[in-house]
Amino acid sequence: MTQKITIGPFSPELEESVYFKLEADEERTITHVEIINGFIHRGMESLVTKKNFMQNLILTERVCSLCSNNHPFTYALAVEKIAGIKVPMRAEALRVIADEVKRVASDLFNLSMLTHLAHNHELMRDTMNTREHMQDLKEIIWGNRMDMSANLLSGTKYDLDERKIKLILETLDIVEPKLRDLQERYETDEQLRKKTVGVGVLPKEDALEIGVTGPVARGSGINNDVRVKAPYSLYAYRPKLRPKVTLREEGDVHARAMARFGDILEAVRIIRDVVADMPEGDTYVEKRPHIPAGEAVVRTEAPRGELIYYLKTDGSQKPVRMRWKVPTFTNWEALKVMILGDKVDNVTMILNSIDPCISCTER
Amino acid sequence: MKIEEFNNAIKTKIAGGYLFREDKDNYGNLSAWITLQDKKDIETIAKTVKAYKGRCVVATGYKNEDKEGHTVIYHFDIDGTLINVELFTENETIVSITPILPSANWAERELREMYAVEPIGHPNKDRLFLDYSIAKGVLNEYISLSKMQLGVSDTDILWNNVKKECKV
Amino acid sequence: MSKVVPKVFRINTGSCNGCDVEFVAAAFVDKFHIATSDVEFVDDVKDANLLVITGPLTARSESFLKNALTKLKKPFTVVGVGTCSVSCGIFRDSYAINGPLDKFVDVDVNVAGCPPRPESIAEGIAKGIKVLEQKLSGEVTPKTIDTIFSDFSAPASFRGRMDLNPDMCTGCRTCETVCPSTAIKIEENEEGFIHNIWHNSCCYCGNCAYFCPTGAIFSTNSFDTVKLQNEKFSDVNVANIPFEECSCCGEKYMPPSRGLLGKSYVHDDVNKLNTNICSKCRKEANFKRMYA
Chain A
554 MTQKITIGPF SPELEESVYF KLEADEERTI THVEIINGFI HRGMESLVTK KNFMQNLILT
614 ERVCSLCSNN HPFTYALAVE KIAGIKVPMR AEALRVIADE VKRVASDLFN LSMLTHLAHN
674 HELMRDTMNT REHMQDLKEI IWGNRMDMSA NLLSGTKYDL DERKIKLILE TLDIVEPKLR
734 DLQERYETDE QLRKKTVGVG VLPKEDALEI GVTGPVARGS GINNDVRVKA PYSLYAYRPK
794 LRPKVTLREE GDVHARAMAR FGDILEAVRI IRDVVADMPE GDTYVEKRPH IPAGEAVVRT
854 EAPRGELIYY LKTDGSQKPV RMRWKVPTFT NWEALKVMIL GDKVDNVTMI LNSIDPCISC
914 TER
Chain B
324 MKIEEFNNAI KTKIAGGYLF REDKDNYGNL SAWITLQDKK DIETIAKTVK AYKGRCVVAT
384 GYKNEDKEGH TVIYHFDIDG TLINVELFTE NETIVSITPI LPSANWAERE LREMYAVEPI
444 GHPNKDRLFL DYSIAKGVLN EYISLSKMQL GVSDTDILWN NVKKECKV
Chain G
2 MSKVVPKVFR INTGSCNGCD VEFVAAAFVD KFHIATSDVE FVDDVKDANL LVITGPLTAR
62 SESFLKNALT KLKKPFTVVG VGTCSVSCGI FRDSYAINGP LDKFVDVDVN VAGCPPRPES
122 IAEGIAKGIK VLEQKLSGEV TPKTIDTIFS DFSAPASFRG RMDLNPDMCT GCRTCETVCP
182 STAIKIEENE EGFIHNIWHN SCCYCGNCAY FCPTGAIFST NSFDTVKLQN EKFSDVNVAN
242 IPFEECSCCG EKYMPPSRGL LGKSYVHDDV NKLNTNICSK CRKEANFKRM YA
């Protein structure tokens, strides 16, 4: 007997609204998946053409609060490519610091949601509390726990003095041992392993065909990290900065979580490396640079994978066309492979394992 | 993969001819820009990308202001190298490459709903993000029709309320 | 009156997920008080009596929200979390946005912020509970409710409510131009400029302060943005920037701000520089001085 099951669009297990229509057999094994999207579609590609370049520094940040730094960062790279602006080295360093801080916080949020959905409350609380250190750091240095407003066209809005660098290092000193402890517990915790190992498997061949990126790709043994494959910003100038990514072959929920731990610990290492050798100089070229007519495509590595921006300008104050593609946009199709043949009770956890950023995806 | 290698691979296969240029970003990463004379040649490009184990990253579209029709740009990735392929359609149709490269799936569905450009041969006919209460091709218009019919913006309405309730 | 057990259910109507992420922090991290209180988080909207709603209400969410609202038993309380739930904020006037929320449901408490701190979300839930208690006992909802969690503080660098120093402002409209969510409006009348900042439309990004050439507009670290619905349109910072009368020709003119003068005349006392003269008369006087 086939049973029909719906999940969403509003559910405590779903951070963002999405609607699953499933069919399952007697063993609650899923035989058919239909996913309805569009709940977070805000028409942002239309909005960006109605706002000027300064306003878009902030609008792009509101694409998604979890990778909120990557959007203005990548948007700025596109503008700078068109305007032929060379960003000061100090600004490149500051951009990378902001980005890696966000990566740690974003990945930790995903992991705490994973343990929440796996009903492992102790691990969940410990992960959330570890993340709080990063949240406090962001609020003290950048003024907000989620949206840092760090980027400017041609540089950064913020700078770091010795006091702030000390605060960053002190925070990392507190967080790093906690992260290593969490990594060990996520790897070995029996209850979590039982819930996540072998669940939501994405075989490597499917991963390649669908074109997944980020930790979802790394969990299936593929490395297409933009910081490594097409390095930008300070990653381009300092090859040692590029992450040594964690690759896992299992392709399951657990493997993706552990790939994220690899990202987090590398992010901590990267931040330490950058602040240990901060380039001197300005933090931007011009507060309000002139943007000529042109076209550019740029990429960065967001916490969830490859982020690409296309920008077309005509010399006016507003973009003619701006389009961006976030990792979840392509990772989403992999969900069907992961969910089909798995259990109904695992659906929200499998969804969480691609670290879906629906607001990014639907714009 | 070297860009030259890709160019050599498509040279003899693109029937309609194409323009080719190499571009370098501010950090030295090379990418290719290919402009197809005949939009149908996108299938050949997709097959070549597939042969190199590449993927479709996304596709961008926009309505041309000077000449009727749409420009569509596919962005492909082969092991970290970007290949941007531009084509032009005057009748709101393109050949879908999703049957060749499944990674183009959502990008083409978005072209359909945002620009009313139909990817012929696409396996999925449903809307993706755009609600059925909104007509497809919404990005073709500078101001959306539904908002234009209202005459005033939400911003005006709300600020009027602010003015009414906030007397100094 | 018997104690109400607040049963909370969250609905995301198209937010950037910032408010939803911070809601989770408010719900699970002890220091934000909600996790240690007797608030219950229910799995089904029909069991809720306190709705936390985020997002600017997208076209696709509308019918699902309406449907969810029919399942609730009255009385219930609605807490709108995030600037975009209150006024659609930065997403306003998009084809895909049907909000704000109060078009479709009676909102009780608004929590502005982008995203609000978990402290503010906790405060919003606490105020929502107060309103719920009053609804259950048949009392009229008061005009304001005093801050419930008075032990929260924010670092000095927190980008909170914006403020303006009118002495430094010249009405140049830079802030209005760079504000991404039309939270600033500058009007002009015979007396001068009126500078308005509507906190419920503000996305607390600090763009205005960053680009302001004189430092007139600035963010405070106040996160006092949890207000009742009746305060929605009146939570505005209004400042008058008066014209001066030219001592020479009598015309009204906008004097340069002391902030700007200080930047140009670094070695002089700016208070002594300006002798109430409009730019036109100054030009004439300078011309006479040099060529007469």
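Respectively, the protein sequence lines represent chains A, B and G. Its first residue numbered 554, the first sequence is counted upward by one per residue in our numbering. Its first residue numbered 324, the second sequence is counted upward by one per residue in our numbering. Its first residue numbered 2, the third sequence is counted upward by one per residue in our numbering. Yeah, the Cβ is synthetic: ideal placement off N, Cα and C, and Gly gets one too.
query: Quick one: using the 10 Å Cβ neighbour count with 16 as the cut-off for buried, is B/Leu434 buried or exposed?; result: buried
query: Determine the DSSP secondary structure at G/Asp42, reduced to helix, strand or coil.; result: For the record, residue 42 of chain G in the displayed sequence is Phe; it is not Asp. Three-state DSSP puts G/Phe42 in a strand.
query: Using three-state DSSP, classify G/Ile198 as helix, strand or coil.; result: strand
query: Three-state secondary structure (DSSP) at A/His843?; result: coil
query: Is it buried or exposed for B/Val491, if we count other Cβ within 10 angstroms and need 16 for buried?; result: Note that B/Val491 scores 49 on pLDDT, short of 50, meaning its location in the model is unreliable; the coordinates nonetheless yield the value given after this. Per the 10 Å Cβ criterion, exposed.
query: Which ranges does the beta strand (DSSP E) cover as unbroken runs of at least 3 residues, wholly within the segment 578 to 643 of chain A, from first to last along the chain?; result: 583 to 589
query: Note down, in chain order, all residues in the segment 78 to 104 of chain G with a beta-carbon under 7 Å from any beta-carbon belonging to chain A.; result: Ile91, Phe92, Ser95, Tyr96, Ala97 and Ile98
query: Give the DSSP-derived three-state secondary structure of G/Gly83 in the structure shown.; result: coil
query: My assumption, with CB atoms under 8 Å, is that A/Leu676 sits in contact with A/Arg738. Please give the rounded CB distance.; result: 6 Å
query: Which residues in chain A sit within 9 Å of B/Val381, going by Cβ to Cβ distance?; result: Ile861, Tyr863, Arg876, Trp877, Lys878, Phe882 and Thr883
query: In the segment 333 to 365 of chain B, which residues sit with their C-beta less than 8 Å from some C-beta in chain A, listed in chain order?; result: Asp348, Asn349, Tyr350, Gly351, Asn352 and Ser354
query: Quick check on the DSSP output: the alpha helix (DSSP H) that includes A/Thr683 runs from which residue to which?; result: His674 to Trp695
query: Buried or exposed: which applies to G/Val108, given that a residue is buried once 16 or more other Cβ atoms fall within 10 Å of its Cβ?; result: buried
query: Could you tell me how far apart the beta carbons of A/Asn622 and A/Ala651 are, in whole angstroms, since I believe they sit closer than 8 Å?; result: 5 Å
query: At the level of alpha carbons, what is the spacing between G/Glu246 and A/Asn682?; result: 59 Å
query: Please check the pair B/Leu462 and A/Ser599, which I expect to be a contact at CB under 8 Å, by giving their CB distance rounded to whole angstroms.; result: 6 Å
query: I want to see whether chain A comes within less than 8 Å of B/Asp477, judged by CB atoms only; does it?; result: no
query: Give me, in chain order, the residues of the same chain whose beta-carbon lies closer than 8 Å to that of G/Thr37; leave out the 5 immediate sequence neighbours on both sides.; result: Asp31
query: Determine the extent of the beta strand (DSSP E) in which G/Arg297 is found, giving its start and end residues.; result: The structure shown does not extend to residue 297 of chain G, since chain G is modelled only from 2 through 293, so no value can be given for it.
query: What do you get for A/Phe626, buried or exposed, if any count of 16 or more other CB atoms within 10 angstroms of its CB means buried?; result: buried
query: From G/Phe42 to B/Ala369, what does the alpha carbon distance come to, in whole angstroms?; result: 49 Å
query: At 3 residues or longer, what runs of the beta strand (DSSP E) sit wholly inside the segment 849 to 890 of chain A?; result: 858 to 867 and 874 to 878
query: Mind listing, in chain order, the continuous beta strand (DSSP E) runs of no fewer than 3 residues lying wholly within the segment 46 to 126 of chain G?; result: 51 to 55, 78 to 82 and 110 to 112
query: Does A/Glu915 come within less than 8 Å of chain B when only Cβ atoms are used?; result: yes
query: Among the residues of its own chain, which have a CB less than 8 Å from the CB of G/Met2, if the five just before and after it don't count?; result: Unreliable positioning characterises G/Met2 in this predicted model, as indicated by a pLDDT of 48, which lies under 50. A coordinate reading is not provided.
query: Could you tell me the boundaries of the beta strand (DSSP E) in which G/Leu229 lies?; result: Val227 to Leu229
query: Closer than 9 Å, Cβ to Cβ, to anything on chain G: give me those residues from the segment 410 to 443 of chain B, in chain order.; result: none
query: Does the segment 227 to 234 of chain G come into contact with the segment 854 to 870 of chain A, if we say contact requires no fewer than three beta-carbon pairs (one atom in each stretch) closer than 8 Å?; result: no
query: Return yes when the Cβ of A/Thr881 is within less than 8 Å of the Cβ of A/Cys910, no when it is not.; result: yes
query: Specify the secondary structure class of G/Gly260 as computed by DSSP and reduced to three states.; result: helix
query: Below 8 Å between beta carbons: does that hold for A/Ala636 and A/Leu787?; result: no
query: Please decide whether A/Cys617 counts as near chain G, where near means a Cβ-Cβ distance under 8 Å.; result: yes
query: Give me whichever residues DSSP pairs with B/Asp400 in a beta bridge.; result: B/Arg378 and B/Leu405
query: Compare the C-beta of B/Trp482 against all C-beta atoms of chain A and say whether one is closer than 8 Å.; result: no
query: According to DSSP, what are the bridge partners of G/Ser158?; result: Paired residues: none, contrary to the question.
query: Under 8 Å between beta-carbons, which chain A residues line up against B/Asn407? List them in chain order, please.; result: Val850
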